[in-house]
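Heads up: the sequence shown at position 238 corresponds to 223 in the numbering used here, and the numbers run straight through without jumps. Glycine residues also receive a C-beta, built at the ideal position from the N, C-alpha and C atoms. The structure under discussion appears below in the form of structure tokens.
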Amino acid sequence: MQLLRKKGNFDSTRILFLPVDAIAPNPDQPRRVFAQQELDELAHSIQTLGLLQPLTVRRSAQGGWELVAGERRLRAARLAGLQEVPCLSLQIDNQRASLLALVENIQRKDLDFWEEALALEKLISTYHLSQEEAARRIGKSQSAVANKLRLLKLPADVLETLRDGGATERHARALLPLDDSSLQARAAQAILDGRLTVAQTEKLVQELLHPQEAAPSPRPKRTFVVKDVRLFLNTLDRGMALMRSAGVDAQCQREDREDTIWLTIQIPRSISH
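In structure tokens form, the structure reads like this:
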């Protein structure tokens, strides 16, 4: 606000007290979701202490007053039952008003990641700004602006699911490699259901992208190649001897034929000690 005062954008440094109902909302307000509990808490604070920070307004084309920044405070003031609110009047055009509303919300961290991306997109498209110009005006790096705009590649319902479920911008960005909306929706729900971290989300995305690699490989069947049958016969003899030493009346009869060996093994069903 100090910067605006130096540039002579204030009509006056005097505080104006304007009727609440005389202030029209900012049509370019980037914030779309106002949590009712937060508004109720702020309204209670205003009833107790008053509105500590003035709203910023400007004259509209119709001659009335239009809000520039402070919609949350204005809504809470209405809930608190105030008839008038303190305001500072600015002399600024539409572009400057949009920029101030966006910057104030970003600086206060009032916008969620989806709202911020939509606001940046609108600012760039409405006033034909490059990403670099937009970044400079809101005090962020060009890469930060680019990353936020990339979020809009996700479907609106996926962004809404993530936002309403309390997921972060990094969670949303982790879904960008998925180019199938159904997979994106599935992953978004999995993030909320499993309370996944960003690292777990990135792992999930890789599994969805490469399901064959993620699936456990079946254990190969063991194949034994025995060239000398005597190995089996010796093993059998040892097994039979072990059973007999344990008191089991086990019998094995062997018959050699031309191409095969016939073995008959007898073991009692019940074993008594």
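>> Could you tell me the alpha carbon to alpha carbon distance between Pro162 and Thr146, rounded to whole angstroms?
In response: 18 Å
> Straight-line CA distance for Leu75 to Ala152?
Replying inline: 37 Å
> Under three-state DSSP, which class holds Pro196?
Replying inline: helix
>> Between the stretch 102 to 119 and the stretch 64 to 73, can you find at least three pairs of beta-carbon atoms closer than 8 Å?
In response: no
> Going by beta carbon distance, what residues of the same chain come within less than 6 Å of Met(-14), once the five residues before and after it are set aside?
Replying inline: Confidence at Met(-14) is low in this model, with a pLDDT of 37, below 50, so its placement is unreliable and the value that follows should be read with caution. Once the five neighbours on either side are set aside, Met(-14) has no close Cβ partner at all.
> According to DSSP, what are the bridge partners of Val18?
Replying inline: Beta-bridge pairing links Val18 to no other residue.
> Excluding sequence positions up to five away, which residues of its chain have a Cβ less than 8 Å from the Cβ of Arg158?
Replying inline: Asn132, Arg135 and Leu136
> By Cβ distance below 7 Å, which residues in the same chain neighbour Leu193 in space, the five residues on each side in sequence not counted?
Replying inline: Leu163, Leu168 and Ala172
> Where Glu118 and Pro39 are concerned, what is the direct C-alpha to C-alpha distance, given to the nearest angstrom?
Replying inline: 29 Å
> Among all the DSSP beta bridges, which residues are the ones paired with Trp50?
Replying inline: Ile8 and Arg44
> Exposed or buried, Phe98, counting other C-beta atoms within 10 Å across all chains shown (16 or more means buried)?
Replying inline: Classification of Phe98: buried, given that the 10 Å Cβ count is 16 or more.
> Okay, do the stretch 40 to 56 and the stretch 9 to 19 touch, 3+ Cβ pairs below 8 Å being the bar?
Replying inline: Taking one beta carbon from each stretch, the stretch 40 to 56 and the stretch 9 to 19 have 3 or more pairs nearer than 8 Å; the two touch.
> Can you tell me whether DSSP reads Asp241 as helix, strand or coil?
Replying inline: strand
> Given Leu177, which residues of its chain have a CB within under 6 Å of its CB, disregarding the five upstream and five downstream residues?
Replying inline: Gly150
> Whose C-alpha, out of Val42, Leu34, Ala20 and Thr33, is nearest the C-alpha of Pro1?
Replying inline: According to the sequence as given, residue 1 is Leu; it is not Pro. Checking every option, the nearest Cα to that of Leu1 belongs to Val42.
>> Cutting at 6 Å between CB atoms, please list the residues of its own chain near Arg148, excluding the five before and the five after it.
In response: Asp97 and Trp99
>> Using C-beta distances below 6 Å, list every residue in its chain close to Gln236, excluding the 5 sequence neighbours before and after it, in chain order.
In response: Gln251
>> Considering only the alpha carbon of each residue, which of Asp165, Arg155 and Ala175 lies closest to Val183?
In response: Arg155
>> Strictly by DSSP, which residues pair up with Phe2?
In response: Pro71
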